[in-house]
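Asks: The following block contains the structure, expressed as structure tokens.
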């Protein structure tokens, strides 16, 4: 928190104009571009995709509990740390990932632990996405099926574990979050009942949040629900000081929704886009046990203070699950104010959303964009459409310093690499 | 509340398409139209207007207290009722105004009272705008000058006094507001300190509120401030159930800001637009003691339930002070979701704001529209520009039933009549 004060990341206007120029070209919508690959129509895949995306849209997410990762996440164990993105070894981990893993080991009082992706445990975590056994996690449940997804709690901005910072102040905050915030939330939910996160998502998108890097409305609506349930004053002040607090809720909702399509045979729907700071990877509905990966790109960003593009780590975090669910970069037409954080202008924000309709299967009726006369956000990326059009999914993202222990240096935009989509298409076609 | 349930007015989609057609024509921006009157340039007026609008923009509104009208509003007395719009007699009052006045008399236990406009007592009130001596009012103070403005508290939607309903349930709610809500608010402010309403306005406009008929963001941000000050649970629930709660705060802020320009000699800046259900009137900076009036028009609306245009009362309420301050109809580009309430579509909302730049003196840096790349809303109507261009200020508004005792029947759009602007121009020119 020390880096940026309590008001969230300040907009750095120096360089934002140039950044807009950089961002403009790739985001401009084109009516036609030469297909990279001409795919034969495949009615069986189309039918599978309709089933898959229908399942995604049918999910009704409720926050039902907050409890420790060890007590809730399937397959969690005392000697395991979860991390963002596709599978990773200690040796391949980038600076911020190592910083977060080191901090989590100290938090748990351990010398070593096994590593597995959050995504393989029905969980997600932003940036390094490290979830250790003792951390409190959100439990989000589908009211239709009872299926669940999990995410850790948001620490705030600046020097925080998820950006690779791990000094004692960072660990002290995490201890307070387990001891006070997590227990307050658990009690408020136990006594006051579940919170309808689908309703908060829906209203927030109509209040200028895209729910990846802008959460002021959703955090406010969540605050209302928690205050009415009598959440403790200290916890309310913590949430009030962090307009990113809802990010982790939005991620758990998106994970719950996307995972609903896992195992729909033959479907080319993307159910995960995630980055571990070294590699970018996707999972698809028709083969959910596999990761298709490529090296992670470096986001183009708006930098805080004296930091520059040279300080930026390659793309990191499970938070691209929001784009996978039609939010974040896909919903920027609903949130032109996000350009103060990630660069670009109102036109590029609008065009990002319009372009993403070309690679998606549905328009989400729960996420309506008032500026597009309540058209739903483009939801459900189809591997085939990405391969055919060459349009790379757009992701807006925080940027971590490339060295362990520093923290956040900015925010910006990045495009998903095409290779994993091509590899997934080849796999599904054989 | 009984009419519409607790979720606010529902969007009535039947007829909304037709309504959009009706609204579209007058809202379409034209690059040139023949001037109705060719005015000679007047550098003295221009200079006075720059002083006047500079004063409006310099106001820093803080909510400092809540107390009874009798204890706070200058010139309030036990035998006086304040009402919206220009001066009015009992005989000339419309149905909803009579309903509200009758209800206020019963609330105060009186048989009769004198009538004076809120605006002549540094106060404002939405719709009928009736403020009786015992009602709690918001006290909003300019941190720069200590000057104050006042507004009553918002009752919610449907069957409420300000729309002319006055049954026992309406009066019981008003009694609870004085006994519980008003005192809770007073205590929270006394113990927790003032609330910066300029900051809430600023953030809310970037969250899709236009602060006349859409207040979901501002109410949420206000809720956060009040919950952190320990407001009582019953009062928090009341506010949580009414996303219009901030309307009265926005009105007091706008009144405080606009009145800052009163008495700037020679200025043609409009400092009040207000309607009493019978007449529409304006006040201008160069002659603040005078009203320039014309018959009130009937808003074109989206109606609730079985109500139709034929049920609509002529335009009523001080809430057009928000348009006078560059909000409401003037800020609809920031709030395309408002079209679900008042009709039109995203394009007409955008065009309403763009058109209003042609009759205003400044762009408010505190009210930035993300969709216009953070351009400030058009603020400070110039009587001369209205007369020259013939562009009528656009107002979005709730619609009351024309008979006493019924309540709200819809919401919609209306244009200010030109005559008062012409009369003010003639007066200032002689």
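Residue numbers (this note's numbering), protein chains in the order written: chain A, 749 to 1178; chain B, 749 to 1178.
C-beta: ideal position from N, C-alpha, C; glycine also.
Quick caveat: nothing in here was measured; it's all calculated off a predicted structure.
1) Which residue's Cα is closest to the Cα of residue 892 of chain A: A:1136, A:1056, A:932 and A:1005?
2) List the endpoints of the continuous beta strand (DSSP E) containing residue 809 of chain B.
3) Look at residue 967 of chain A and residue 986 of chain A and say whether their C-beta atoms are less than 8 Å apart.
4) Could you tell me which residues DSSP pairs with residue 1156 of chain A in its beta bridges?
5) Assuming residue 1125 of chain B and residue 1082 of chain B form a contact by the criterion Cβ under 8 Å, report the distance between their Cβ atoms to the nearest whole angstrom.
6) Write down the C-beta distance between residue 1160 of chain A and residue 1147 of chain A rounded to the nearest angstrom, noting that I regard them as a contact closer than 8 Å.
7) Using the Cβ count rule (16 or more neighbours within 10 Å means buried), how would you classify residue 938 of chain A?
8) Scan the region 1099-1121 of chain B for residues whose Cβ lies nearer than 8 Å to a Cβ of chain A and list them as they occur along the chain.
9) Counting only Cβ pairs nearer than 8 Å, list the residues of chain B close to residue 935 of chain A.
10) Does the separation of the CB atoms of residue 1044 of chain B and residue 1026 of chain B fall below 8 Å?
11) Leaving out the 5 sequence neighbours to the left and right, which residues in its chain are closer than 8 Å to residue 1013 of chain A when beta-carbon positions are compared?
12) Can you find at least 3 beta carbon pairs, one from the region 1057-1070 of chain B and one from the region 863-876 of chain B, that sit closer than 8 Å?
13) If we call anything under 8 Å between Cβ atoms a contact, is residue 934 of chain B one with residue 813 of chain B?
14) Given a limit of 7 Å on CB to CB distance, which residues of the region 805-832 of chain B reach chain A?
15) With C-beta atoms as the reference, is residue 976 of chain B less than 8 Å away from residue 830 of chain A?
16) From which residue to which residue does the alpha helix (DSSP H) around residue 1103 of chain B run?
17) Do we get a CB-CB distance below 8 Å when we pair residue 1084 of chain B with the residues of chain A?
18) So residue 954 of chain B packs on residue 1084 of chain B, CB below 8 Å; how close in whole Å?
19) Any beta carbon from chain B within less than 8 Å of residue 772 of chain A's own beta carbon?
20) How is residue 970 of chain A classed by DSSP in three states: helix, strand or coil?
21) What residues in the region 971-1005 of chain B have a beta carbon less than 7 Å from any beta carbon of chain E?
22) Kindly give me the distance between the Cβ atoms of residue 1144 of chain A and residue 1076 of chain A, rounded to whole angstroms, as I take these residues to be in contact under 8 Å.
23) Answer yes or no: does any C-beta atom of chain A fall closer than 8 Å to that of residue 803 of chain B?
24) Name the chain B residues that come within less than 7 Å of residue 955 of chain A, Cβ to Cβ?
25) Using a Cβ-Cβ distance cut-off of 8 Å, determine whether residue 945 of chain A contacts chain B.
26) Taking buried to mean at least 16 other C-beta atoms within 10 Å of its own C-beta, is residue 894 of chain B buried or exposed?
27) On the DSSP letters alone, give me the boundaries of the alpha helix (DSSP H) that residue 1175 of chain B sits inside.
28) With a 10 Å radius around its C-beta and 16 neighbouring C-beta atoms as the bar for buried, classify residue 1039 of chain B as buried or exposed.
29) Which stretch, first to last residue, makes up the beta strand (DSSP E) that contains residue 1040 of chain B?
30) Using C-beta distances below 7 Å, list every residue in its chain close to residue 1002 of chain A, excluding the 5 sequence neighbours before and after it, in chain order.
31) Would DSSP call residue 1163 of chain A helix, strand or coil?
32) For residue 1093 of chain A, go through chain B and note every residue whose CB falls closer than 8 Å to its CB, in chain order.
33) Using 8 Å as the cut-off, can you tell me whether the region 828-845 of chain A makes contact with the region 1097-1113 of chain A, which would need three or more C-beta pairs spanning the two stretches below that distance?
34) When you compare only the Cα positions, how much space is there between residue 876 of chain B and residue 844 of chain B?
35) Hey, how far is the Cα of residue 890 of chain A from the Cα of residue 947 of chain A?
36) So that I know if they touch, is there some Cβ in chain A lying closer than 8 Å to that of residue 969 of chain B?
Replies: According to the structure shown:
1) Residue 892 of chain A sits at position 144 when you count from the first residue of the first chain. Residue A:1005 is the option with its Cα nearest to residue 892 of chain A.
2) Here the question's residue 809 of chain B lines up with position 61 in the second chain. Counting along the chain, the beta strand (DSSP E) containing residue 809 of chain B begins and ends at 809-816.
3) Within the first chain, the letter at position 219 stands for residue 967 of chain A. Within the first chain, the letter at position 238 stands for residue 986 of chain A. No, the pair does not count as a contact, with Cβ atoms beyond the cut-off.
4) Indexing the first chain from 1 puts residue 1156 of chain A at position 408. Under DSSP, the beta-bridge partners assigned to residue 1156 of chain A are A:1148.
5) The count along the second chain starts at 1 and reaches residue 1125 of chain B at position 377. The count along the second chain starts at 1 and reaches residue 1082 of chain B at position 334. For a cut-off of 8 Å, the C-beta gap from residue 1125 of chain B to residue 1082 of chain B is around 7 Å, short enough to register as a contact.
6) In the first chain, counting from the first residue as 1, residue 1160 of chain A sits at position 412. In the first chain, counting from the first residue as 1, residue 1147 of chain A sits at position 399. That belief holds up - the Cβ atoms of residue 1160 of chain A and residue 1147 of chain A are roughly 6 Å apart, short of 8 Å.
7) Residue numbering aside, residue 938 of chain A sits at position 190 when the first chain is read from its first letter. Under this definition residue 938 of chain A is an exposed residue.
8) Of all residues in the region 1099-1121 of chain B, 1118, 1119, 1120 and 1121 have a Cβ within less than 8 Å of some Cβ in chain A.
9) Reading the first chain from its first residue, position 187 is the one you call residue 935 of chain A. Those within 8 Å of residue 935 of chain A in chain B number zero; the least Cβ separation is about 16 Å.
10) Your numbering for residue 1044 of chain B matches position 296 in the second chain. Your numbering for residue 1026 of chain B matches position 278 in the second chain. Closer than 8 Å, so yes.
11) Position 265 of the first chain, counted from the start, is the residue given in the question as residue 1013 of chain A. Around residue 1013 of chain A, the same chain offers 796 and 1034 as residues with beta carbons nearer than 8 Å, after the five sequence neighbours per side are excluded.
12) Enough Cβ pairs lie closer than 8 Å, so yes.
13) The residue you call residue 934 of chain B lines up with position 186 of the second chain. The residue you call residue 813 of chain B lines up with position 65 of the second chain. Going by C-beta atoms, residue 934 of chain B is nearer than 8 Å to residue 813 of chain B.
14) Nothing from the region 805-832 of chain B brings a Cβ to less than 7 Å from some Cβ of chain A.
15) Here residue 976 of chain B is taken as the residue at index 228 of the second chain, counted from 1. Here residue 830 of chain A is taken as the residue at index 82 of the first chain, counted from 1. For residue 976 of chain B and residue 830 of chain A, no; Cβs fall outside 8 Å.
16) Here the question's residue 1103 of chain B lines up with position 355 in the second chain. It spans 1094-1104 - the alpha helix (DSSP H) in which residue 1103 of chain B sits, taken as one unbroken run.
17) By one-based count along the second chain, residue 1084 of chain B stands at place 336. Judged by the 8 Å Cβ criterion, residue 1084 of chain B is in contact with chain A.
18) Within the second chain, residue 954 of chain B is the residue found at index 206, counting from 1. Within the second chain, residue 1084 of chain B is the residue found at index 336, counting from 1. Rounded to whole angstroms, the Cβ separation of residue 954 of chain B and residue 1084 of chain B is 13 Å, and the two are not in contact under 8 Å.
19) Indexing the first chain from 1 puts residue 772 of chain A at position 24. Unreliable positioning characterises residue 772 of chain A in this predicted model, as indicated by a pLDDT of 38, which lies under 50. The coordinate reading is nonetheless provided below. No, its Cβ sits nowhere closer than 8 Å to a Cβ of chain B.
20) The residue labelled residue 970 of chain A in the question sits at position 222 within the first chain. Helix.
21) Among the chains of the structure shown, chain E does not appear; the protein chains present are A and B.
22) Reading the first chain from its first residue, position 396 is the one you call residue 1144 of chain A. Reading the first chain from its first residue, position 328 is the one you call residue 1076 of chain A. Contact holds; Cβ gap of about 5 Å.
23) Reading the second chain from its first residue, position 55 is the one you call residue 803 of chain B. For residue 803 of chain B, the answer is no, since every Cβ of chain A falls outside 8 Å of its Cβ.
24) Translated into the one-based positions of the first chain, residue 955 of chain A becomes position 207. Ordered by position in chain B, the residues that pass the 7 Å Cβ test against residue 955 of chain A are 955, 956, 964 and 965.
25) Your numbering for residue 945 of chain A matches position 197 in the first chain. No, residue 945 of chain A lies away from the interface with chain B (no Cβ there is under 8 Å from its Cβ).
26) Start at 1 with the first residue of the second chain, and residue 894 of chain B comes out as number 146. So residue 894 of chain B ends up on the exposed side.
27) Counted from its first residue, the second chain places residue 1175 of chain B at position 427. Unbroken alpha helix (DSSP H) run through residue 1175 of chain B: 1167-1177.
28) As a working note, residue 1039 of chain B is residue 291 in the second chain. Buried, because 16 or more other Cβ atoms sit within 10 Å of the Cβ of residue 1039 of chain B.
29) In the second chain, residue 1040 of chain B corresponds to position 292, counting from 1. Residue 1040 of chain B -> beta strand (DSSP E) spans 1040-1043.
30) Position 254 of the first chain holds residue 1002 of chain A. So the qualifying residues of the chain are 1069, 1070, 1072, 1073 and 1075.
31) For the purposes of this step, residue 1163 of chain A is identified with residue 415 of the first chain, where counting begins at 1. In this structure, residue 1163 of chain A counts as strand in the three-state DSSP scheme.
32) On the first chain, position 345 is the one that residue 1093 of chain A refers to. Correct list: 1121.
33) Three or more Cβ pairs closer than 8 Å define a contact, and the region 828-845 of chain A falls short of that threshold against the region 1097-1113 of chain A.
34) For the purposes of this step, residue 876 of chain B is taken as residue 128 along the second chain, with counting starting at 1. For the purposes of this step, residue 844 of chain B is taken as residue 96 along the second chain, with counting starting at 1. If you draw a straight line from the Cα of residue 876 of chain B to the Cα of residue 844 of chain B, it comes to about 7 Å.
35) Locating residue 890 of chain A in the first chain gives position 142, counting from the first residue. Locating residue 947 of chain A in the first chain gives position 199, counting from the first residue. One C-alpha to the other measures close to 13 Å.
36) In the second chain, residue 969 of chain B corresponds to position 221, counting from 1. Closer than 8 Å to some Cβ of chain A, the Cβ of residue 969 of chain B qualifies, so yes.
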